[in-house]
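Protein chains in written order, with this note's numbering: chain A, -6 to 255; chain B, 421 to 653. The beta-carbon is built from N, C-alpha and C at its ideal position, and this holds for glycine as well. This structure is a prediction, so every number in the text was calculated from the model and none was measured. Scroll down for the structure; my scribbles are underneath it.
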Amino acid sequence: MVEIGKTKLDSGWIAARSTEIEKTGVQLTTTHAPTLETSPWMEAVVPGTVLGTLLKNKLIPDPFYGLENEAIIDIADSGREYYTFWFFTTFQCSMSGNQHVDLNFRAINYSAEVYLNGHKKVLSKGMFLRQSIDITDFLQPDGQNLLVVLVHPPDHPGKIPPEGGQGGDHEIGKDVAAHYVEGWDWMTPIRDRNTGIWDEVSVSVTGPVKITDPHLVASFFDHYERVYLHSTVELENRNAWVAECTLNIQVTTELEGNVCLV
Amino acid sequence: EHLQTTHLSIPPGAHIQYTFPPLFFYKPNLWWPNGMGKQSLYNVGITVDVKGYGESDSWKHPFGFRKIESTIDSVTGGRLFKVNGQPIFIRGGNWILSDGLLRLSKKRYKTDIKFHADMNFNMIRCWGGGLAERPEFYHYCDIYGLLVWQEFWITGDVDGRGVPVSNPNGPLDHDLFLLCARDTVKLLRNHPSLALWVGGNEQTPPEDINTALKDNLKLHPYFQMPNQISNSV
């Protein structure tokens, strides 16, 4: 039985521009898995953005120095496909019996299609949204899994007027995404509008019942002498039968050093 | 008294919400902003064991006991803050984000946020044109006592007050905006440093979004009836 818990997928990713790849996501995660040696695949930065990956491979100058940002083609001129990228990785995960596995994205900008071992899942749009996919039934028996994500830029990346200005032509405001990426009085435009898997990717293993989004609230009385901690959890039973559960909540405080008071 | 066990049966395929009976604390160490006291944190751990299987899932999060209130002062029109009943003079800075290519790292967050604490700040305002900041950002604000004013993704310049005037009704997909907002609230709501959610920068969000945000972010009536809570205990 695999230990329950979360494993981050933050290394071993490779990437390629979508316009340079003919294969589909199903082929890339079954019969034609890419490798770093296969051109045009390159080492990728995940979590990170497309520009972060291009910078790591020295395919663009560093936009933070001098006027180098001017040397990077803006998405308004290149088109969205130019900054639409595949991100590929493999991970080891096999589970037994009554376990369930989720693939978790803490934030992707702006929309994406996920392929795992030939299975496709289209994610919701939105730069600030966690998304989890129950991949229990998609895992390979030998535990070696192939994952590829096709990440699309915001739908309305906008165009930067010659005079610049706060938020460029404001088109980015039509999407649920950060506005600063079109440039501001203190900031030049970000050429890929921060497209990418910009936050944590993880795989989490649980038993039949999963805990989601606990909420902790304190209430105070008698001048903060009498205090109550209220805890609400969401629980999901992914079994096909009733789950008899024991729920525990424990509050400890770390004294100096690593002595714990329970 | 800080360990509680409950037994529960969950039907097959069900997704339920469960609230533990309140845990009582006598004079716990309170969490205070930078410059007002210690940032005492407790470790809250929740586990679920399933009969015939064992431990099925677990979750833990640092938690600070603190009460943050803020009201608009009728005389000055400014917003007055109180923490644990004590008025606090806000000394804060604007925050856009760590890095324009979103190379976000714990090390960078720790350095930047400790720097704000060393500058004797007690609040950081996350501007609406930037990010809903990440749990790692809030973790270090919890540790160094920086209160956080977190704006949603509306800015005056882009939403209806800029030149040219554009997007007077905000983003095209209001449901998507609220889906992202609700998920962001669930991601960040347990951090003691989170002091205030703000609709946007220099602009009120479109009416439907603003109403939904206010409604979603109200404190549940359950927590406002002291006698009910004490009786239930």
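Can you list, in chain order, the residues of its chain whose CB lies under 7 Å from that of residue i, leaving out five sequence neighbours each side?
i	result
B:Ser613	Tyr558, Cys561, Asp562, Leu566, Leu567, Val568
A:Leu48	Asp55
A:Ile14	Trp79
B:Trp547	Asn514, Trp515, Ile516, Glu571, Asn621
B:Ile492	Arg499
B:His536	Gly513, Ile544, Leu566
B:Arg554	Leu524
A:Trp177	Gln159, Gly160
Is the separation between the beta-carbon of residue i and that of residue j shorter than 7 Å?
i	j	result
B:Phe572	B:Gly619	yes
A:Ile65	A:Tyr76	no
A:Thr129	A:Val174	no
B:Val468	A:Cys238	yes
B:Gly484	B:Trp451	yes
A:Asp168	A:Asp148	yes
A:Ile183	B:Gly520	yes
A:Asn138	A:Phe98	no
A:Lys276	B:Asp477	This structure gives no information on residue 276 of chain A, because the portion of chain A shown stretches from -6 to 255.
A:Asp206	B:Lys606	yes
A:Val244	B:Tyr462	yes
A:Thr23	A:Gly136	no
B:Ser429	A:Val38	no
A:His163	B:Gly582	yes
A:Val226	B:Tyr438	yes
A:Tyr221	B:Pro442	yes
A:Asn241	B:Ala434	no
Under a CB-based cut-off of 7 Å, is residue i close to chain A?
i	result
B:Thr531	no
B:Thr624	no
B:Asp603	yes
B:Tyr558	no
B:Gln506	no
B:Val578	yes
B:Phe501	no
B:Ser652	Confidence in B:Ser652 is poor, its pLDDT being 41 and thus under 50, which makes the residue's placement too unreliable to answer from.
B:Thr439	yes
B:Tyr564	no
B:Leu633	no
B:Cys600	yes
B:His427	yes
B:Gly513	no
B:Val470	yes
Suppose the cutoff is 6 Å on Cβ atoms and the five residues either side in sequence are ignored; what does the same chain contact list for residue i look like?
i	result
B:Pro626	Asn589, Gly590
A:Leu29	Ile7
B:Asn630	Gly619, Thr624
A:Lys(-1)	Ser195, Ser197
B:Ser652	With a pLDDT of 41 at B:Ser652, under the threshold of 50, the predicted position of this residue should be treated as unreliable, and no value is reported.
B:Ile466	Trp479
B:Ser460	Asn449, Trp451
B:Ala552	Thr604
Determine, for residue i, whether the minimum Cβ-Cβ distance to residues of chain B falls below 7 Å.
i	result
A:His145	no
A:Glu63	no
A:Gln20	no
A:Tyr103	no
A:Arg123	yes
A:Phe213	yes
A:His223	yes
A:Thr17	no
A:Val244	yes
A:Ala9	no
A:Trp6	no
A:Val94	no
A:Tyr217	yes
A:Asn97	no
A:Tyr58	no
A:Glu237	yes
My guess is that residue i and residue j are in contact by the Cβ rule of under 8 Å, so how many angstroms apart are they, rounded?
i	j	result
A:Thr188	A:Pro155	That belief does not hold up - the Cβ atoms of A:Thr188 and A:Pro155 are roughly 24 Å apart, past 8 Å.
B:Ser518	B:Asp532	6 Å
A:His223	B:Phe643	7 Å
A:Ala171	B:Gly549	6 Å
A:Phe81	A:Val43	About 14 Å; that fails the 8 Å criterion.
B:Asn610	B:His481	5 Å
A:Leu122	B:Leu599	6 Å
A:Pro40	A:Trp34	Not quite, the Cβ-Cβ distance comes to about 19 Å (not below 8 Å), so this is no contact.
A:Leu116	A:Ala105	5 Å
B:Thr426	B:Phe440	6 Å
CB-CB under 8 Å to residue i, same chain, minus the five flanking residues each way: which ones, in chain order?
i	result
A:Asn232	Asn91, Pro201, Val202
*At a Cβ cut of 8 Å, what residues of the stretch 27 to 50 of chain A count as close to chain B, listed as they run along the chain?*
Val38, Pro40, Gly41, Thr42, Leu44, Gly45, Leu48
*Listed in chain order, which residues of the stretch 606 to 619 of chain B have Cβ atoms closer than 8 Å to some Cβ of chain A?*
Lys606, Leu607, Arg609, Asn610
_For the stretch 433 to 463 of chain B, list every residue whose C-beta sits within 8 Å of some C-beta in chain A, in sequence order._
Gly433, Ala434, His435, Ile436, Gln437, Tyr438, Thr439, Phe440, Pro442, Leu443, Phe444, Phe445, Tyr446, Lys447, Pro448, Asn449, Leu450, Ser460, Leu461, Tyr462, Asn463
*Scan the stretch 65 to 79 of chain A for residues whose Cβ lies nearer than 9 Å to a Cβ of chain B and list them as they occur along the chain.*
none
*Using Cβ-Cβ distances below 7 Å, what residues of the stretch 191 to 208 of chain A are close to chain B?*
Trp191, Asp192, Thr199, Gly200, Pro201, Val202, Lys203, Ile204, Asp206, Pro207, His208
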